[in-house]
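Residue numbers (the working numbering), protein chains in the order written: chain H, 272 to 429; chain L, 168 to 705; chain R, 298 to 711.
Next up, the structure:
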């Protein structure tokens, strides 16, 4: 059985207090659960459902709608490269190839040590600083293959 | 009431109704998948688009409320092109596996394709979105995600009718699929309904699928025999076998729903071994088959003897709350009219107190008999006896000598059924002379003086009175064969043979008399009872 | 050029309350709190301000639809779900001048008699949301927000709500569904959010840029705002420009400013000596304009509409003559297919199908007939869906295919 940490429980109560109805807290609570448990597994959906009083089917239905809620465990550094127009124009796929080559993984893949995973993503709102990539809650912008190399190098030793 | 014009036809429509409701009620067909009269409107399928004057875009008729002077076209080229487009969209990712799909013949994709589509597919197989097939969702339902049009009827059913929320959408865009959490089985007592409301072959009946192509089936309108709710239903049958039971929409009783137990109740019926010939106990104490004429003669003479010898109060009529009103009426008429009998009872449990008790807040009632209210209306509950216990005591003490007893096995089993049956058996054993009318064999029947083979539910037409007092007609779907007779006819024959001068030729005759003479049926027309049922005029 | 939104955007420390205050911040809120609520609504109507999220609906009129006597609370929701490809203006505003947004929201809330408000920020912008949260904390600590807004007998709470990755949640009814904790399925209208929005209560959804115009309007008057721009497009507009330009970024121009001047001056022109081929002026969902079509076009609602495109969100993407248009369209179509919520048939099926046809074409595996099929799919989707997402796919498909048809045909000849 999984359970929120004490800190997450406090966070949970605080989230609930933001809304006049409990249901509105569901998506922020799922984000909190992902932070706690890494991804939204069936077990996590059941836990959140039980905690908040919704059937797990309902919780999972919501979770599968939102791309930031992961339905499989991603790497510690989940590299999401924007594939949309401005990033594409400015060479996003060159950066993607660099990641693939350096890490030996494909799009949707994860390194065997679980450190890195790679995914394409839609417009990050970094069109003026394209190409861009999101890793966790951080943006890397004005990317070049060389810069990708530096980032991977740095994150490999974190 | 707003006046609207649909396809040139002027209609007066109740305020607040939607265009699709107005059209369908006026017999104008509007294609649709997601709209369902007993579910909240969702507006997702976009098949019911119509052209409303002064609206720039086509609008879904299911979300558009009528307003005074509204002019609607459902049949112009603009609408037809749009509907055809929506249908083409629905078919691009559909597997088009009609030859192996159990929905074939009652599939809205097939039907609308014939009316609006008839197009050639422009999508290569390699481009189709693949989803999961043959997912087992419990005892009632099998899911094929590829055939689904994502109309959300099943989701809305579980969200709004049973309020249990088992089925949901998962994913996004053209990868959205319906399902349950971790493919968990649907263990909800109403899950079979989603098969009915699924307009395509995505949800098929675990019980019915691959048993028979639907175009071979015959349908008979009926009323569920499973409890006192009296859900309107349809019996689909072929060659004397019931294949499935489906709800018939009745806004006053069951809307479009049926519980799973009622839905599969026919299996119980078809499973039991039948009584096929009248049996009369000889001097040797053994029952032997006789003709109906002989059985009728022997019953009439035995009951006459009893009445003559011990007085009319020595005769008991023990009815069943599963028999039709017409059967119960002639039963009472026979015993009281011919022999002066006045002791009647029908309660082997506490049916009268359960008849209006809800088992849940969707449909089901605690009383598992379809006609307890009818038996009460006919005065078949005796204050003096107070149920079968009193009847047994009276028989044992010799106050009651002879009895005519009906026994029908409940179609929807509950704990306590065996005990109730044992009490009927005990009653029969306690009587010096007993006539038992029963469709199914049972060991204790050997104690009866006479056993009469009678029709079971679905084999006899007649009316039932539900918990509301609503009188509903059930047609005869199955011909039981053998020497089996409908219960009303048994008593019609007994009456005729014992010299009654009324001639009972049909259920209509009996019902006519019933509605004239019995409170609870006043002003009720059989024609009404054949649709949504009728309540008596107060 | 007059600036309304970006006046202090480059000032160091502008995100802090101290700097914001030093530059005259929250004066407009103090002034507004002394005004009648209805007078603020009137001032906004006078200003001619139109919604900056993309639809361009007059803000004052939108506010005017909110019933005042329902007995239910009224909600103001700030739409910061900025996700339209090419658009990054709201991000800059929130990152660098979050108090401007808070002040604008507080003014709007007071005008609408709203006491509880949310900023719905796309989840990817978590680091931006952290900046906004810090500013909110400062505002609470300073008594700007909370039980007595800048010392008045008026309570207001504002919370940040993070989305979790769904473009569709920028559509206002979808945003409301999502905020309520459901899949972001757009709602059927009517009823409109003005009467049945968040928790079935009267609700106004306004974009970040719309709300950040309010302090200026209160300080300078609606008439001063209405004096800027063209006849029907008032005030200034933020354009976020990206793609093939030397100086991508967010710029504020007065409505009506010439498009080509904007590209050549503000955005620094086309790099590498290349020539302009086409412009997507308002986010990837608006029709593309060829270089020739850009001649003489002003950056305002009417002028862009007349040219065959739209102002949209002001997310301008510039394409030089190295671009292969079928590939560009394929990238755009993939986006709408990925972001279609899947609720209603034409969008769910049409966006996916069009995207696959385009991928096939770009891969050299297409048929000539696919080109007309794309146009047919556009017709089959257009105007038949619950929300405008399908139309957002239709507009690029139709404009790219008709304006650059020969490039599509060339792909089918091999």
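Built from N, CA and C at the ideal position, the CB exists for glycine as well.
Cβ atoms of residue 328 of chain H and residue 348 of chain L come within 8 Å of each other, at about 4 Å. The three-state reading of DSSP puts residue 277 of chain L in helix, counting H, G and I together. Ranked by Cα distance from residue 339 of chain R, the options R/515, R/612 and R/432 are led by R/515. For the pair residue 498 of chain L and residue 658 of chain L, the CB atoms are nearer than the 7 Å cut-off. What residue 642 of chain R touches in chain L, judged by beta-carbon distance under 8 Å, is 211, 212, 213, 214, 253, 256, 257, 316 and 317, going in chain order.
Here the alpha carbon of residue 419 of chain H sits roughly 37 Å from the alpha carbon of residue 695 of chain R. At a beta-carbon threshold of 7 Å, the residues of chain L lying near residue 327 of chain H are 348, ordered along the chain.
Contacts with chain R (Cβ-Cβ distance below 9 Å) from the region 377-403 of chain H involve 392, 393, 394, 395, 396, 397, 398, 399, 400 and 401, listed in chain order. In this structure, DSSP gives residue 243 of chain L a state outside helix and strand, which the three-state scheme calls coil. Rounded to the nearest angstrom, the Cβ distance from residue 208 of chain L to residue 276 of chain L is 21 Å, too far for a contact under 8 Å.
Under the DSSP assignment, residue 511 of chain L falls in the beta strand (DSSP E) whose first and last residues are 510-512. Short of 7 Å from the beta carbon of residue 584 of chain L, and not among the five residues preceding or following it, lie these beta carbons of its own chain, in chain order: 577. The region 541-560 of chain L makes no contact with the region 435-453 of chain L: fewer than 3 CB pairs, one atom from each, lie closer than 8 Å. The C-beta distance from residue 649 of chain R to residue 341 of chain L rounds to 4 Å, short enough to fall under 8 Å. With a threshold of 7 Å between beta carbons, residue 275 of chain H makes no contact with chain R. Taking each of L/643, L/252, L/192 and L/699 in turn and checking the Cα distance to residue 409 of chain L, the smallest one comes out for L/643. Residue 270 of chain L: not part of any beta strand (DSSP E); DSSP gives it neither H nor E. Restricting attention to alpha helix (DSSP H) runs no shorter than 4 residues, the region 381-419 of chain R encloses them at 386-393 and 395-409, ordered along the chain. Going by DSSP, residue 409 of chain H is part of the beta strand (DSSP E) stretching over 409-411. At a cut-off of 7 Å, the C-beta of residue 632 of chain R has a neighbouring C-beta in chain H. Of the candidates L/234, L/537, L/624 and L/561, L/234 places its Cα closest to the Cα of residue 177 of chain L. Residue state for residue 512 of chain R is assigned as helix, using DSSP reduced to three classes. Using a CB distance cut-off of 7 Å, residue 311 of chain R does not count as an interface residue toward chain H. Looking only at H/396, H/389 and H/278, the smallest Cα-Cα distance to residue 538 of chain R is reached by H/396. Between residue 677 of chain R and chain L, the shortest Cβ-Cβ separation is below 7 Å.
In the structure shown, residue 434 of chain R adopts helical secondary structure according to DSSP, grouped into three states.
Taking a 10 Å sphere around the C-beta of residue 409 of chain H, we find fewer than 16 other C-beta atoms and assign the residue as exposed.
Distance from the Cα of residue 447 of chain R is smallest, within the candidate group R/379, R/664, R/326 and R/483, for R/326.
The three-state secondary structure of residue 405 of chain H, taken from DSSP, is strand. Within the region 329-345 of chain L, 331, 332, 333, 334, 335, 336, 337, 338 and 339 place their CB atoms closer than 8 Å to a CB of chain H, listed in sequence order.
Setting aside the 5 residues that flank it on each side, residue 249 of chain L is surrounded in the same chain by 216 and 225, each with a C-beta closer than 7 Å to its C-beta; the list follows chain order. Per DSSP, the beta bridge partners of residue 347 of chain R are R/355. Taking one beta carbon from each stretch, the region 313-325 of chain R and the region 431-442 of chain R have 3 or more pairs nearer than 8 Å; the two touch. Listed along chain R, the residues sitting closer than 9 Å to residue 355 of chain H by beta-carbon distance are 382, 383, 581, 628, 629, 631 and 632. Within chain H, 396 and 397 have C-beta atoms less than 9 Å from the C-beta of residue 388 of chain R, given in sequence order. DSSP assignment within the region 345-379 of chain H yields the following whole beta strand (DSSP E) runs of 3 residues or more, N-terminal first: 348-353.
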